[in-house]
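Participant:
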Amino acid sequence: TATLSNPAGTPMTVTLSNGAVINIEAGKTTGSVVVDTPANDVYKNGSTVSTTIESTSGGNFEQLTPSTTPAVTTITDSIDNTGLTLTANNTITEGGQITYTATLTNPAGTAMSVTLSNGAVINIEAGKTSGSVVVDTPANDVYKNGSTVSTTIESTTGGNFEQLTPSTTPA
């Protein structure tokens, strides 16, 4: 909203630093414009938008001195959660390989690493929603029957998410 201390003598425009234009009718002291805010996303938590008067025209004033103080708007943001799950192939032969896949519910904002409880690391590229790593299993043992391997997500780095919630379910 632009506010004049005296009514405009003729229609006038106020151009803002964000490109928006406020029109003030002749005989009026205020005018407003609605500007869209940045879209909600999973990477940023709120922001501040600052806008100044860039120029004015019309109004028929002897001397118009626009304020140089910016209009500052704080944009609040709800925290958006991104989930992370871990899966693995269900059965393999002794001496084979297990493929672990980490899957995000939103694309990674930056490259990220997912460290598993077995020490393996899954890398997920920026802009992608999943990554995999292959881990060798113990060789065939004539004294043991098959076994079960259980692996979980131990830690993560990167991704640039507001809130990342790794699943605790083992793969």
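FYI, in our numbering the residues of the sequence shown are 52 to 222.
By construction, the Cβ of each residue, glycine as well, lies at the ideal position given by its N, Cα and C atoms.
Here the structure is a predicted model, which means the values were calculated and not measured.
1) I need the straight-line Cα distance from residue 7 to residue 102, nearest angstrom please.
2) Which whole-angstrom value is the C-beta distance of residue 173 and residue 165, which I expect to be below 8 Å?
3) Report the three-state DSSP secondary structure of residue 231 (helix, strand or coil).
4) Which of helix, strand or coil does DSSP assign to residue 131?
5) So, helix, strand or coil for residue 151, using DSSP?
6) Going by DSSP, what residue range makes up the beta strand (DSSP E) through residue 122?
7) By DSSP, does residue 167 sit in helix, in strand, or in coil?
8) Counting along the chain, where does the beta strand (DSSP E) carrying residue 74 start and finish?
9) Give the DSSP-derived three-state secondary structure of residue 217 in the structure shown.
10) Leaving out the 5 sequence neighbours to the left and right, which residues in its chain are closer than 7 Å to residue 158 when beta-carbon positions are compared?
11) List the endpoints of the continuous beta strand (DSSP E) containing residue 187.
12) Are the stretch 116 to 133 and the stretch 203 to 219 in contact at 8 Å, needing three or more beta carbon pairs?
13) Indicate whether residue 65 and residue 107 have their beta-carbon atoms separated by less than 9 Å.
14) Does the distance from the C-beta atom of residue 67 to that of residue 104 stay below 9 Å?
15) What is the DSSP secondary structure of residue 65, counted as helix, strand or coil?
Facilitator: Put simply:
1) Lying outside 52 to 222, the shown extent of the chain, residue 7 is not represented and no answer is given.
2) 4 Å
3) This structure leaves residue 231 out entirely; the chain is present only between 52 and 222.
4) coil
5) strand
6) 122 to 126
7) strand
8) 72 to 75
9) strand
10) 178, 179, 180
11) 181 to 187
12) yes
13) yes
14) yes
15) strand
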